[in-house]
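Engineer: Numbering (my numbering), first residue to last: 4 to 218.
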């Protein structure tokens, strides 16, 4: 069944290429965005069936945008488009609520299938990503590893966490990562809730125990 699609990438030439592929397959691209924040706003207004989001965009990244869409209870399903074939990025995307993860190098052959799968409520990964997930799962199972609270943090939340435990104020963090102080405070509150800590000293201890900073 054809899908209505939102494309978000800060490079117009990539959006043009994706649009051509999807429309040739019968899907309808109803909107385009060049930032994560713009993508979230368009998703709220239009509720496309599927949003294809670049993982790295100015300001709000694709994973954070995915989380905002999920938290907004939107019906839109998300496919992440990325240059990063690493477990960290993949698990971050899945934790945020993405239905698929496609590498840019294989987008030409994968994006149509990824949109089809996502629209049907199924997951889709580029072949090399699927192999990586299986390999990491097997390794973790052999070690008896469990998923920890750090795995639920977005890339932006990790960035804020690093700056907080370095002793930066909300105003300083806001200036460095180009967010408002109020937004930084929201991130701090969310971090403490996700990591189940009740104070800054506890947050610092958590960071030390997880190797984020040196004691």
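In this text, a Cβ means the ideal position worked out from N, Cα and C, and glycines have one as well.
If you're wondering where the values come from, they're calculated on a predicted model, not measured in any experiment.
Taking all protein chains shown into account, do 16 or more other C-beta atoms lie within 10 angstroms of the C-beta of residue 89, making it buried, or fewer, making it exposed?
Structural biologist: For the purposes of this step, residue 89 is taken as residue 86 along the chain shown, with counting starting at 1. It is exposed - the Cβ of residue 89 has fewer than 16 other Cβ atoms within 10 Å.
Engineer: In angstroms with no decimal places, state the Cα-to-Cα distance between residue 13 and residue 62.
Structural biologist: As a first step, residue 13 must be located in the chain shown, where it is residue number 10. As a first step, residue 62 must be located in the chain shown, where it is residue number 59. Taking the straight line from one Cα to the other gives about 11 angstroms.
Engineer: On the premise that residue 103 lies in contact with residue 83, defined as a C-beta separation below 8 angstroms, what is that separation, rounded to the nearest angstrom?
Structural biologist: As a working mapping, residue 83 is identified with position 80 in the chain shown. As a working mapping, residue 103 is identified with position 100 in the chain shown. The pair is a contact, with the Cβ atoms about 7 angstroms apart (cut-off 8 angstroms).
Engineer: Residues in its own chain within less than 6 angstroms of residue 101 by CB, not counting five upstream and five downstream?
Structural biologist: By 1-based counting over the chain shown, the position of residue 101 is 98. Cβ neighbours of residue 101 beyond the five flanking positions: 69, 81, 83.
Engineer: Around the C-beta of residue 47, are 16 or more other C-beta atoms found within 10 angstroms, so that it is buried, or is it exposed?
Structural biologist: On the chain shown, residue 47 is found 44 positions in, with the first residue counted as 1. Its Cβ having fewer than 16 others within 10 Å, residue 47 is exposed.
Engineer: State buried or exposed for residue 95, treating a residue as buried only when at least 16 other CB atoms are found within 10 Å of its CB.
Structural biologist: Mapped onto the chain shown, residue 95 falls at position 92. By the 10 Å Cβ count, residue 95 comes out buried.
Engineer: Since residue 11 is in the beta strand (DSSP E), which residue starts that stretch and which ends it?
Structural biologist: Residue mapping note: residue 11 aligns to position 8 of the chain shown, counting from 1. Its beta strand (DSSP E) spans residues 7-11.
Engineer: How big is the Cα-Cα spacing for residue 4 and residue 202?
Structural biologist: Taking the first residue of the chain shown as position 1, residue 4 is located at position 1. Taking the first residue of the chain shown as position 1, residue 202 is located at position 199. The straight-line gap from Cα to Cα measures roughly 50 angstroms.
Engineer: Could you say which of 15, 67, 120, 135 lies nearest to residue 39 if we only look at CA atoms?
Structural biologist: In the chain shown, the residue the question calls residue 39 occupies position 36. Nearest option by C-alpha distance: 67.
Engineer: As a quick exercise: from 23, 65, 127, 30, pick the residue whose alpha carbon is nearest that of residue 41.
Structural biologist: As a working note, residue 41 is residue 38 in the chain shown. Distance check between residue 41 and each of 23, 65, 127, 30 places 65 closest, using alpha-carbon atoms only.
Engineer: Candidates 125, 20, 26: which alpha carbon is nearest residue 7's?
Structural biologist: As a working mapping, residue 7 is identified with position 4 in the chain shown. Comparing Cα positions, the closest option is 26.
Engineer: Name, in chain order, the residues that DSSP records as bridge partners for residue 34.
Structural biologist: In the chain shown, counting from the first residue as 1, residue 34 sits at position 31. Its beta-bridge partners are 9.
Engineer: Answer yes or no: do residue 35 and residue 9 have a C-beta to C-beta separation smaller than 9 angstroms?
Structural biologist: As a working mapping, residue 35 is identified with position 32 in the chain shown. As a working mapping, residue 9 is identified with position 6 in the chain shown. Contact flag set, yes.
Engineer: Where does the unbroken beta strand (DSSP E) through residue 83 begin, and where does it stop?
Structural biologist: Your numbering for residue 83 matches position 80 in the chain shown. Counting along the chain, the beta strand (DSSP E) containing residue 83 begins and ends at 80-85.
Engineer: Go through its chain and collect everything with a Cβ distance to residue 22's Cβ below 8 angstroms, but skip five positions before and after it.
Structural biologist: Position 19 of the chain shown, counted from the first residue, corresponds to residue 22. Same-chain partners within the cutoff: 10, 32, 35.
Engineer: In whole angstroms, what is the alpha-carbon distance linking residue 177 and residue 167?
Structural biologist: Mapped onto the chain shown, residue 177 falls at position 174. Mapped onto the chain shown, residue 167 falls at position 164. Their Cα atoms are separated by approximately 11 angstroms.
Engineer: Among 122, 209, 127, whose alpha-carbon lies nearest the alpha-carbon of residue 50?
Structural biologist: Residue 50 sits at position 47 when you count from the first residue of the chain shown. Selected option, being the one with the closest Cα: 122.
Engineer: Return the chain-ordered list of same chain residues with a C-beta closer than 7 angstroms to the C-beta of residue 119, the five sequence neighbours on each side being excluded.
Structural biologist: Along the chain shown, one-based indexing puts residue 119 at 116. Correct list: empty, nothing qualifies.
Engineer: So, at 8 angstroms on beta carbons, what are the nonlocal neighbours of residue 149 in its own chain, with the 5 sequence-adjacent residues on each side left out?
Structural biologist: Stepping through the chain shown from its first residue, residue 149 is reached at position 146. Because the pLDDT of residue 149 is 48, which lies under 50, any placement of that residue in the model is unreliable, and the number read from its coordinates should be weighed accordingly. Hits under 8 angstroms: none found.
Engineer: Just verifying my parser: in three-state terms, what is the DSSP assignment at residue 64?
Structural biologist: For this step, residue 64 is matched to residue 61 along the chain shown. It is coil, neither helix nor strand.
Engineer: Are the beta-carbon atoms belonging to residue 97 and residue 129 less than 9 angstroms from one another?
Structural biologist: The residue you call residue 97 lines up with position 94 of the chain shown. The residue you call residue 129 lines up with position 126 of the chain shown. Not closer than 9 angstroms, so no.
Engineer: Hey, residue 160 and residue 190 are a contact pair by Cβ (cut 8 angstroms); roughly how many whole angstroms apart?
Structural biologist: For the purposes of this step, residue 160 is taken as the residue at position 157 of the chain shown. For the purposes of this step, residue 190 is taken as the residue at position 187 of the chain shown. Sure, about 6 angstroms apart at Cβ, within 8 angstroms.
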